[in-house]
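In what follows, a structure is listed as structure tokens, so that the remarks can point back to it.
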Amino acid sequence: MPAHHHLRTAVLAATVTAATASLSGCGLFGSSWDVRMEVQGPGQATVSSRFAGDDGSVAPPSAMERLPWQRTANVGFGFNDLDVTGAAPGTVCRIIVDGETYHEQNVDGEGNASCRANLQND
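Put into structure tokens, the structure is as follows:
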């Protein structure tokens with residue numbers, strides 16, 4: 001077998017391995033979860049959200065949003081973050097994973113709350 005064939009095979013194998021490793025974090029290989037982030041309450045609040053795998057281009061880092069607010073995505077392993085600031089009393093943030101409440105928090109006296117979900121393969 002020619003030497004260039006062995007080199008081509010080695011390069012292809014390395015490329016497939018690297019692609020599989022990087023895509024595993026996006027849920028394309030391995031576990032994935034349906035994640036819904038929501039903020040329930042009156043009026044408006046500043047909401048910042050990030051799903052596992054987000055590169056920041058999906059949603060602005062934070063924006064004043066009319067409540068109730070929600071975002072949904074299917075994600076791979078990693079961190080999912082939801083922060084609320086400037087919200088009225090009684091406002092709550094919530095992260096729901098595969099239909100089950102994973103984290104829920106009421107705003108504090110300053111109108112702030114944070115919800116987190118760190119999803120990992122078993």
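The sequence shown begins at 1 in UniProt numbering and counts up by one. For each residue, glycine too, the CB sits at the ideal point set by N, CA and C. Quantities reported herein were computed from a predicted structural model and do not represent experimental measurements.
Cα-Cα separation between residue i and residue j, rounded to whole angstroms
| i | j | result |
| --- | --- | --- |
| residue 71 | residue 108 | 22 angstroms |
| residue 64 | residue 44 | 7 angstroms |
| residue 118 | residue 110 | 26 angstroms |
| residue 81 | residue 99 | 17 angstroms |
| residue 121 | residue 90 | 34 angstroms |
| residue 102 | residue 35 | 9 angstroms |
| residue 66 | residue 96 | 20 angstroms |
| residue 33 | residue 92 | 22 angstroms |
| residue 42 | residue 88 | 7 angstroms |
| residue 73 | residue 55 | 14 angstroms |
DSSP-derived helix/strand/coil call for residue i
| i | result |
| --- | --- |
| residue 91 | coil |
| residue 67 | coil |
| residue 23 | Only weak support is given to the placement of residue 23: the predicted model assigns it a pLDDT of 46, under 50, and the question is left unresolved by the model. |
| residue 44 | strand |
| residue 118 | strand |
Residue i - containing beta strand (DSSP E), residue span
| i | result |
| --- | --- |
| residue 52 | Premise fails: residue 52 is in no beta strand (DSSP E) and is neither H nor E. |
| residue 82 | 78-85 |
| residue 110 | Where residue 110 is concerned, there is no enclosing beta strand (DSSP E), given that its DSSP letter is neither H nor E. |
| residue 40 | 33-40 |
Beta-carbon spacing of residue i, residue j below 7 angstroms
| i | j | result |
| --- | --- | --- |
| residue 94 | residue 38 | yes |
| residue 68 | residue 40 | yes |
| residue 52 | residue 78 | yes |
| residue 62 | residue 48 | yes |
Rounded Cβ spacing between residue i and residue j (contact assumed at less than 8 angstroms)
| i | j | result |
| --- | --- | --- |
| residue 75 | residue 113 | Between residue 113 and residue 75 the Cβ distance is about 21 angstroms, and since that is not below 8 angstroms, they are no contact. |
Proximity test, residue i beta-carbon vs the ligand COA heavy atom, cut-off 6 angstroms
| i | result |
| --- | --- |
| residue 64 | The ligand COA is not part of the structure shown, which contains no ligands of any sort. |
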